[in-house]
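Trainee: Read in the numbering used here, the sequence shown has 1312 at position 117, and its numbers run on one by one without any break.
Where is the CB? At the ideal position from N, CA and C, for every residue including glycine.
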Amino acid sequence: MENPYLIVLQEEKEVTKEYHQLLKQGTTNEDRYGIGLYKEIPNIAGDQQVAEPYEVPGLMDTLLIKYIELSYADLHAILDFHHHFELIHPFQDGNGRFFFSFGLTMLNKITNSFNHRHYIPLL
1196 MENPYLIVLQ EEKEVTKEYH QLLKQGTTNE DRYGIGLYKE IPNIAGDQQV AEPYEVPGLM
1256 DTLLIKYIEL SYADLHAILD FHHHFELIHP FQDGNGRFFF SFGLTMLNKI TNSFNHRHYI
1316 PLL
């Protein structure tokens, strides 16, 4: 019998890659690097060192497990996720656009878990 936790992790990985595919569809990168795939060539994020391609699957699994385990997301959790996501920089291109979209789903956890008026002063 399959572990339900692993099923959820696999679903989150697929959703993550589908988000990226939707964001990059029809761009020049679709032909150059492929879309909805983790990077295969080392990339950069400004002057910040990011994960090597061989490290990405394991690091993304760890990050997505942390996301799955959140019973709710607060601003700290979203910023923490974003920080680690940027250090991994899992896609060849479009990581910032991806997180903007994915971050909105995390913000949805805030609005469903708390009265968002508490967060307005923090923005």
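1. Rounded to whole angstroms, what's the CA-CA distance from Leu-1254 to Asp-1226? Just pull it up for me.
2. I believe Lys-1273 touches Gly-1298 by the beta-carbon criterion, under 8 Å. Please report the beta-carbon distance rounded to the nearest angstrom.
3. Count the other CB atoms within 10 Å of the CB of His-1271; is the residue buried (16 or more) or exposed (fewer)?
4. Can you grab the Cα-Cα spacing for the pair Gln-1287 / Leu-1259, in whole Å?
5. Take the Cβ of Phe-1309 as the centre, count every other Cβ of all protein chains shown within 10 Å, and call the residue buried at 16 or more, exposed below.
6. I need the boundaries of the alpha helix (DSSP H) containing Ala-1272, first residue and last residue.
7. Could you tell me the boundaries of the alpha helix (DSSP H) in which Ile-1260 lies?
8. Is Phe-1293 closer than 8 Å to His-1215 when the C-beta atoms are compared?
9. Do the segment 1277–1286 and the segment 1231–1238 touch if we need at least three Cβ pairs shorter than 8 Å?
Mentor: Reading from the atomic positions:
1. 26 Å
2. Note that residue 1273 is Ile in the sequence shown, not Lys. The pair is a contact, with the Cβ atoms about 6 Å apart (cut-off 8 Å).
3. exposed
4. 19 Å
5. Since pLDDT at Phe-1309 reaches only 49, below the 50 mark, its modelled position is unreliable, and no value is offered.
6. 1270–1283
7. 1251–1264
8. yes
9. yes
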